[in-house]
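In full-length UniProt numbering, the protein residues as written are 1 to 299.
Glycine is no exception: its CB is placed at the ideal position from the N, C-alpha and C atoms.
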């Protein structure tokens with residue numbers, strides 16, 4: 001997710017977290033607080049004791065994500081095969097901090113890297129099982145997913161990113177090739193079926209592994225109902241070609257939906273690369289990986 005507007009001036013650090021916890025959750029006062037390094041850009045994370053984590057939004061859009069998670073995570077958790085964040089406390093604005101925040105149960109695990117997957121095929125099966133379970137949740141009264149509208153709504157931003165990348169030759173992006181893929185996708189039909197529940201941000205940084213298998217899925221700030229192609233992102237941002245096909249087959253994805261998922265993933269990467277290339281190596285590196293994977297498959 002790209003950073004939203006509304007950045008604040010208050011310092012978000014361990015001292016702030018200790019004050020917020022002491023005032024609002026005195027049963028946890030005195031627990032150790034330690035900032036947790038994260039590749040995300042919208043929230044600050046702090047370990048609280050041994051088995052909790054505090055997440056404080058850094059932007060107004062991030063605050064909206066917190067409210068979404070607090071409402072919906074408890075409603076969908078029992079329907080999913082994989083652990084997801086459990087809300088233990090819903091914090092309120094205080095001490096100069098302007099937005100709601102959350103305390104979650106800590107979920108152990110390591111983020112996967114595309115170049116270091118031990119068992120990519122079983123991981124693809126795990127991911128497909130999670131996506132299918134999300135799709136089975138009745139979408140009644142579901143919020144609209146952060147992603148999931150028509151491809152045309154991404155057109156201007158995607159084209160702008162491609163033109164920006166033309167000015168950065170050291171990135172070696174074949175801008176003509178990605179533009180051709182994008183324009184071809186715009187001519188394909190939009191989905192005809194009903195929207196389905198989506199995580200809508202299945203990036204490696206939002207997946208946790210225990211060994212080589214999926215152990216948890218985190219950061220549901222983009223979740224809601226939308227185009228099922230939006231949960232195909234791991235096919236290109238994580239999985240190698242053989243596991244990608246296993247993922248596709250397990251989900252029963254038709255050609256049109258697969259094409260739409262590929263260019264949605266590509267669009268996200270094209271926008272992310274020039275934005276993050278000097279500020280967030282994890283996000284920029286994954287964007288490069290996606291662009292290569294999509295161009296190779298598209299060719």
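(request) If I'm right that residue 162 touches residue 178 with Cβ under 8 Å, what's the distance once you round it to whole angstroms? (result) Confirmed, about 6 Å.
(request) Could you have a look at residue 63 and say whether DSSP puts it in helix, strand or coil? (result) Residue 63 falls in the helix class under three-state DSSP.
(request) Evaluate residue 294 with the Cβ neighbour count: other Cβ atoms within 10 Å of its Cβ, from every protein chain shown; 16 or more gives buried, anything less gives exposed. (result) buried
(message) Starting from residue 102, trace the beta strand (DSSP E) in both directions and tell me its first and last residue.
(response) It spans 101-105 - the beta strand (DSSP E) in which residue 102 sits, taken as one unbroken run.
(request) Could you say if the segment 278-295 and the segment 253-270 meet the contact criterion of at least three C-beta pairs nearer than 8 Å? (result) In short, these stretches touch, since the Cβ pair count reaches three.
(request) Label residue 211 either buried or exposed according to how many other C-beta atoms from any shown protein chain fall within 10 Å of its C-beta, with 16 as the threshold for buried. (result) exposed
(request) Note down, one range per segment and in chain order, each alpha helix (DSSP H) of at least 4 residues found wholly within the segment 177-244. (result) 234-237
(message) Spatial neighbours of residue 65 within its chain, please: C-beta separation below 6 Å, excluding the five flanking residues on both sides.
(response) Excluding the 5 residues flanking it on each side, residue 65 has same chain C-beta neighbours closer than 6 Å at 221, in chain order.
(message) Am I right that residue 194 and residue 143 are in contact with their C-beta atoms under 8 Å? What's the rounded C-beta distance?
(response) Not confirmed; about 15 Å, so no contact.
(message) If I measure Cβ to Cβ from residue 216 and keep anything under 7 Å in the same chain, skipping five residues before and after, which residues do I get?
(response) For residue 216, where only same-chain residues beyond five positions count, the Cβ hits under 7 Å are 82, 83, 84, 107, 109, 208.
(message) So the candidates are 158, 199, 197, 205; which of them puts its Cα closest to the Cα of residue 185?
(response) 158
(request) Would you mind working out which of 69, 31, 127, 181 sits nearest residue 51, comparing C-alpha positions? (result) 31
(request) Please check the pair residue 127 and residue 247, which I expect to be a contact at CB under 8 Å, by giving their CB distance rounded to whole angstroms. (result) 6 Å
(request) Would you list the residues sitting across from residue 144 in a DSSP beta bridge? (result) 225
(message) Once DSSP output is grouped into helix, strand and coil, what is the label at residue 80?
(response) coil
(request) Flag this pair as yes or no: are the beta carbons of residue 57 and residue 113 separated by less than 8 Å? (result) no
(request) Rank 187, 174, 289, 61 by C-alpha distance to the C-alpha of residue 100 and give the top, closest one. (result) 61
(message) What would DSSP say about residue 91, mapped onto helix, strand or coil?
(response) The DSSP-derived three-state label of residue 91 is strand.
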